[in-house]
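Residue numbers are given in UniProt numbering: position 60 of the sequence shown equals residue 60, and the series is strictly consecutive.
Even glycine gets a Cβ: it sits at the ideal position worked out from N, Cα and C.
Computed from a predicted model, the values in this text were never measured in an experiment.
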Amino acid sequence: MEALCDKYVTAGPLSHLHLFLARDGEVLVDLRRGMARAEGSLLAPDSLYRIASMSKPLTIAVALTLVEEGRLSLEMPVADILPEFTGIGVWTGEMDGEGVFVSTPCRRPMTVLDLMRHTAGFSYSIHAASPLDAAYAERSLDTFRQRRSGADYAAALAELPLLHQPGERFHYSVSIDVLGLVMERATGQRIEELMQRRLFDPLGMKDSFFVVPPDHIDRLTDAWLVEREGSAPILYDRGAHSRWRMQPHCASAGGGLVSSVGDYHRFLHMMMQGGELDGARILSAENVALMMRNQLPGNADLAQMGAAPLSETGLHGVGMGLGAAVLLDPARAGMAGSAGLWFWGGLLSTGFFLDPARRLIGLVMTQLMPSGTTRLREDFRCAVYEAIMEERHG
């Protein structure tokens, strides 16, 4: 682990790095290196990080509390809650003479489950693979800090067709942001309030926010950006003056959270314990298992579902749970880890894994985007499993 810190911080592109590993709540590795901010403050145990897509499992866990109460169901059509999506079509791959997307009707409605497992048909501009992705970028449909209301966001998204028929393909997308809007409409509460009351407060997660309070802003790390391959990182968001200090018009349920190593470990420990931690039950054991089990139709892997490339994972031998990937076949995936490993990451190079078989939780926290700039998360996971093999063989 020290060698990883040397590789990525001392001699590499990262300004800071926190590596964390625990087994059944017992901390095995808790290693920090580097400066939290460019002006020289050291990384601290409770430093705060923009966790981007690591927000997704947290949001889905809270959505499933609404399912348990009967306020949502997995098979509920999204348009029943968000009528803006009534009649949305699917892009045929063609444009008309005026440059408008040609669409065909959906064969079935997109559902809440489609949102949770990224089979709804939405996209992300970061894929940069089609005119539809370009349209997302032009309309700022996948920014962390939306400058439009939730209703306006839904209306803007509904102006574009879906990329594929609901349920027929996996495509990583803004669907968890849409899920956040579904949760708000179903309850009449903002996503910030839902997350606070149903997850953060019961679990004692005191460092997780969509908006960093003034008395916590001194702990928010700087975030860095590599604009071109091989170029030096530049400041993307300065902690002291971060845009995460400001209330967005519409919080990004799929990518807008800030959190700490300690808070995220509590969430993952709760998941490992079957939905309960320190007397607080968040989810039923059945719904925890649902999140950590492959949800792609026919138990397909990502390669079979025609997924776009992802920096968080490869495609072969990897399925998709709710909010994170599931390792189905380590040999086929060419990945270190046990079958059933639940893992994901964020755009700023954060990452986690939860190994139910070995009762292990691993966390990587840093702030460099895009996440594909380094192999840090893979190297950390490999180092963990190499150590396990060495321990086994004495």
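Taking the Cα positions, L66 is about 6 Å away from L72. Going by beta carbons, M116 and I60 fall inside the 8 Å limit. Counting C-beta atoms within 10 angstroms of its own C-beta, N299 has fewer than 16 neighbours from the protein chains shown and is therefore classed as exposed.
If you look at T59, you'll find it isn't in any beta strand (DSSP E); it sits in the alpha helix (DSSP H) that goes S55 to E68. Look at C250 here: in three-state DSSP terms it is strand. Of the residues assessed, Q295 falls on the buried side of the cut-off, its CB having 16 or more other CB atoms within 10 angstroms. Ranked by Cα distance from G230, the first of P131, G70, Q367 and T373 is T373. Counting along the chain, no beta strand (DSSP E) covers H265; the unbroken alpha helix (DSSP H) around it starts and ends at V261 to M272. When the Cα atoms are used, R375 and L4 turn out to be separated by approximately 11 Å. When C-alpha distances from M54 are compared across A253, E69 and G12, the shortest belongs to A253.
Taking C-beta atoms as the reference points, L19 and M35 fail to come closer than 8 Å. Taking 8 Å as the cut-off, the beta carbon of R50 is found no closer than this to the beta carbon of L268.
At the C-beta level, G70 and R108 stay beyond 8 Å of one another.
Between A44 and R219, the C-beta gap is smaller than 8 Å, which places the two residues in contact. As the crow flies, the alpha-carbon of L363 is around 42 Å from that of S103.
CA-CA distance, A11 to R33, rounds to 12 Å. The alpha carbon of E378 has as its nearest neighbour, out of A333, P356 and R358, the alpha carbon of A333. The way I'd put it, the segment 156 to 171 doesn't touch the segment 186 to 195; fewer than three beta-carbon pairs between them come closer than 8 Å. F85 carries a helical assignment under DSSP once its states are collapsed to helix, strand and coil. Per DSSP, Y153 has no beta bridge partner at all.
Counted as a single uninterrupted DSSP element, the alpha helix (DSSP H) harbouring F380 occupies residues L376 to R392.
Sixteen is the threshold: since fewer than 16 other Cβ atoms of the shown chains lie within 10 Å of the Cβ of H241, the residue is exposed.
Boundaries for V318: no alpha helix (DSSP H) harbours it, while the beta strand (DSSP E) harbouring it runs V318 to M320, taken from the DSSP string.
For P330, the secondary structure class from DSSP, reduced to helix, strand or coil, is helix.
Beta-bridge annotation (DSSP): P233 is not paired with any residue. C-alpha of M95 to C-alpha of L315: approximately 30 Å in a straight line.
Shown here, F20 sits in a strand according to DSSP, grouped into three states. Classified as exposed, E391 has fewer than 16 neighbouring CB atoms from the shown chains inside 10 Å of its CB. The shortest CA-to-CA distance from G323 to any of L341, D301, S338 and M292 is the one to M292. Our two residues, R281 and M271, have alpha carbons roughly 10 Å apart in a direct line.
DSSP places L348 outside both helix and strand once states are collapsed to three, so it counts as coil.
Between the beta-carbon of V326 and that of W342 there is about 6 Å, and that keeps the pair under the 8 Å contact cut. The beta carbon of P356 sits closer than 6 Å to the beta carbons of G340 from its chain, once the five residues preceding and following it are set aside; these are given in chain order.
By the Cβ criterion, the segment 78 to 98 is in contact with the segment 158 to 167, since at least three pairs of Cβ atoms, one from each stretch, lie closer than 8 Å. Separation of P248 and Q146 (C-alpha to C-alpha, rounded to the nearest whole angstrom) is 6 Å. Y49 has S259 as its beta-bridge partners, per DSSP.
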